[in-house]
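To convert, take the position in the sequence shown, counting from 1, and add 2; that gives the working numbering.
A virtual CB, placed ideally from N, CA and C, is assigned to each residue, including glycine.
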Amino acid sequence: MKDFKEIKIQNLVKYYGNRKVVDNFNLTIKNGEFITLLGPSGCGKTTILNSIAGLIPIDGGSIYIDDECIDDGKRFIPPEKRNFGMVFQNYALFPHLTVFENVAFGLRIRKFPPSEIRERVINALRMVHLEEHIDKYPRQLSGGEQQRTALARCIVTEPRLMLLDEPLSNLDALLRIEMRYELKAIHEKLGITTIYVTHDQQEALALSDRIVVLNKGKIQQIGTPEEIYSYPRNLFVAHFLGFRNIWNVDVIHVKDGEIEFKLGDFILNAVLNEKYKEHIHNSIRDKKKLYISIRPEDIKIGEGPINSLEMRVEVMEYLGQVRQLWGYINGNLRIEISTFEKIILNPGDKIKIYIPPERILVFPEEDVQ
Ligand SMILES: Nc1ncnc2c1ncn2[C@@H]1O[C@H](COP(=O)(O)OP(=O)(O)OP(=O)(O)O)[C@@H](O)[C@H]1O
Ligand SMILES: [Mg+2]
């Protein structure tokens with residue numbers, strides 16, 4: 003599907019009343035790319051998809067497909083002429099049409115011959131494992147089946163861009179993982195450029211070529227799953243990708259890629275990650291406050307070679323494969339750990355823990371929101 007090279011969204015702005023819900027959104031999507039918008043409820047994901055689809059008027063910026071302007075507030079190509087497919091957050095199936103007719107709808111409008119319609123619809127339903135529900139009405143389907151019908155309706159016309167708004171949100175945990183895999187397979191097979199919306203970090207990591215992390219209508223970071231996971235640019239992204247244990251620290255000294263600091267009564271070392279080293283050096287020189295953050299699973303139990311602490315356990319949760327521990331270090335700093343160690347602990351127990359220096363993320367105060 004090579005009818006364009008890229009879709010360019012520049013300085014997209016959207017207001018509701020006097021609230022700016024999309025704030026200068028910039029993104030260039032290459033043909034065939036799978037892009038995920040990741041962010042908490044209300045951060046503007048659906049609004050961005052609706053703007054790209056042409057379903058709501060934009061208040062600033064422009065959207066281009068190669069050299070063709072599809073929206074800049076003045077020029078406007080209506081949604082039905084864009085050849086985009088969309089799966090809405092509430093799937094919006096036609097209640098009076100069967101699964102077959104729901105999926106066939108876009109093809110009938112485009113006046114495909116009946117035999118081709120049948121073949122395409124059956125193919126699409128097969129891809130989402132719904133062949134046996136072909137004659138049912140939406141009210142006779144579970145939420146997950148309705149969601150898959152909406153997905154089939156989207157892929158059947160082979161749109162040049164697919165906009166998927168939390169298309170797996172109504173599936174149970176197992177089916178969700180299975181459909182995630184199916185979606186990836188469908189994307190690999192059909193190669194349709196896709197913008198996918200979710201607030202689930204696992205889904206974003208598993209599916210995407212690139213992830214756009216959003217908060218309050220603003221882009222926080224754009225990167226590959228690996229970049230976003232390993233090098234979150236600020237504390238918001240880090241927190242969204244599983245970092246916890248956020249503490250203010252006092253720098254003792256910093257030298258090239260290493261930093262020594264005080265956390266309460268403890269002296270700890272961290273390795274600065276190459277990407278943000280200079281930024282952190284500058285912030286320390288400017289006497290900015292410094293914070294660290296560590297993933298619960300990166301804190302180890304036992305006597306470590308470096309960065310040893312003592313933790314007082316308050317709560318232990320048994321989660322099958324892992325155990326989740328909450329408690330305190332240094333008297334009053336809350337700490338959260340998750341561990342594969344098969345230990346049994348009681349409230350009040352004191353244990354030794356340590357933090358590998360390369361697992362500590364360091365943030366200057368301006369990157370902490
Ligand atoms: N039609 C509307 N009128 C007024 N405010 C709106 C309208 N649609 C959305 N909003 C507001 O704009 C903000 C962004 O909404 P949006 O639906 O884009 O969020 P979202 O990221 O898709 O959230 P969710 O994950 O819950 O679906 C929200 O604060 C929402 O209340
Ligand atoms: Mg939404």
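Next on the checklist: Once the 5 residues before and after valine 317 are set aside, which same chain residues still bring their CB inside 6 Å of it?
Outcome noted: Excluding positions up to five away in sequence, the list reads Trp328.
Item to check | Same chain only: Cβ atoms within 7 Å of isoleucine 282, ignoring 5 sequence neighbours per side | outcome: Only Leu274, Val364, Pro366 meet the Cβ criterion.
Next on the checklist: Between asparagine 111 and isoleucine 65, how many whole angstroms is the CB-CB distance? I'm expecting something under 8 Å.
Outcome noted: The residue you asked about is not asparagine; residue 111 is isoleucine in the sequence shown. So it is not a contact: roughly 23 Å between Cβ atoms.
Next on the checklist: Following a CB-centred definition, is threonine 38 positioned closer than 7 Å to any heavy atom of ligand 2?
Outcome noted: Incorrect: threonine 38 has no Cβ contact closer than 7 Å to ligand 2.
Next on the checklist: Beta-carbon within less than 6 Å of leucine 347's beta-carbon, same chain only, minus the 5 sequence neighbours each way: which residues are those?
Outcome noted: Residues of the same chain with a CB within less than 6 Å of the CB of leucine 347, apart from the 5 flanking positions on each side, are Val315, Met318 in chain order.
Next on the checklist: For a minimum of 3 consecutive residues, which ranges assigned as the beta strand (DSSP E) are wholly contained in the region 269-346?
Outcome noted: Taking only runs of at least 3 residues, the beta strand (DSSP E) segments lying wholly in the region 269-346 are 292-296, 310-320, 325-331, 335-341.
Next on the checklist: Taking only three categories from DSSP, how would you classify isoleucine 157?
Outcome noted: Helix.
Item to check | Through-space distance from glutamate 312 to glutamine 142, alpha-carbon basis | outcome: Each residue's alpha carbon lies about 57 Å from the other.
Checklist entry - Taking buried to mean at least 16 other C-beta atoms within 10 Å of its own C-beta, is histidine 189 buried or exposed? => result Only buried fits histidine 189, as 16 or more other CB atoms lie within 10 angstroms of its CB.
Next on the checklist: Closest to asparagine 247 by C-alpha separation, out of Ala272, Ser285, Ser295, Ser232, would be which residue?
Outcome noted: The shortest CA-to-CA distance from asparagine 247 to any of Ala272, Ser285, Ser295, Ser232 is the one to Ser295.
Item to check | 8 Å Cβ cutoff met for asparagine 332 and leucine 265 | outcome: It is a contact, given that the beta carbons lie within the stated cut-off.
Next on the checklist: With distance defined between alpha-carbon atoms, name the residue in Ile67, Gly46, Asp69 nearest to isoleucine 58.
Outcome noted: In terms of CA proximity to isoleucine 58, Gly46 leads the group Ile67, Gly46, Asp69.
Next on the checklist: Counting C-beta neighbours from all protein chains within 10 Å, is the total for aspartate 167 16 or more, i.e. buried, or is it exposed?
Outcome noted: Result: buried.
Next on the checklist: So, with DSSP's three-state summary, where would you put lysine 7?
Outcome noted: Secondary structure at lysine 7: coil, using DSSP grouped into helix, strand and coil.
Checklist entry - Within the present structure, is the beta-carbon of glycine 146 separated from the nearest heavy atom of ligand 1 by less than 7 Å? => result Ligand 1 never approaches glycine 146 closely enough for any of its heavy atoms to be under 7 Å from the residue's Cβ.
Next on the checklist: Any heavy atom of ligand 2 closer than 7 Å to the beta-carbon of glutamine 91?
Outcome noted: At least one heavy atom of ligand 2 lies less than 7 Å from the C-beta of glutamine 91.
Checklist entry - Quick one: is phenylalanine 96 buried, meaning 16 or more other Cβ sit within 10 Å of its Cβ, or exposed? => result Flag for phenylalanine 96 reads exposed.
Next on the checklist: Would glutamate 121 and leucine 132 be called neighbours here (beta carbons separated by less than 8 Å)?
Outcome noted: No, Cβ-Cβ distance for glutamate 121 and leucine 132 is not below 8 Å.
Next on the checklist: How far does the alpha helix (DSSP H) with tyrosine 183 in it extend, from its first residue to its last?
Outcome noted: Its alpha helix (DSSP H) spans residues 175-192.
Next on the checklist: Suppose only complete runs of 3+ residues qualify. What are the beta strand (DSSP E) ranges in the region 64-124, listed by chain order?
Outcome noted: Taking only runs of at least 3 residues, the beta strand (DSSP E) segments lying wholly in the region 64-124 are 70-73, 86-89.
Item to check | Nearest-angstrom Cα separation, counted from serine 340 out to tyrosine 139 | outcome: One C-alpha to the other measures close to 45 Å.
Item to check | C-alpha gap between proline 358 and aspartate 288, whole angstroms | outcome: Near 27 Å, if we compare the C-alpha coordinates of aspartate 288 and proline 358.
Checklist entry - Any idea if asparagine 92 is buried or exposed, counting beta-carbon neighbours within 10 angstroms, 16 or more meaning buried? => result Around the beta carbon of asparagine 92, fewer than 16 other beta carbons lie within 10 angstroms, which makes this residue exposed.
Checklist entry - If glutamine 222 sits next to valine 215, beta carbons under 8 Å apart, how far is it from one beta carbon to the other, in whole angstroms? => result In this structure, glutamine 222 and valine 215 form a Cβ contact; the two beta carbons are roughly 4 Å apart against a cut-off of 8 Å.
Checklist entry - Going by alpha carbons, who is nearest to glycine 41 out of His241, Ala272, Pro115? => result Among His241, Ala272, Pro115, the Cα nearest to that of glycine 41 belongs to His241.
Next on the checklist: I'd like the ranges of any alpha helix (DSSP H) spanning at least 4 consecutive residues and lying wholly in the region 20-62.
Outcome noted: Within the region 20-62, the alpha helix (DSSP H) runs of at least 4 residues that lie entirely inside it are, in chain order, 47-55.
Next on the checklist: Taking the alpha carbon of alanine 154 as the reference point, which residue from Leu185, Asn52, Tyr330, Lys220 has its own alpha carbon closest?
Outcome noted: That would be Leu185, whose Cα lies nearest to the Cα of alanine 154.
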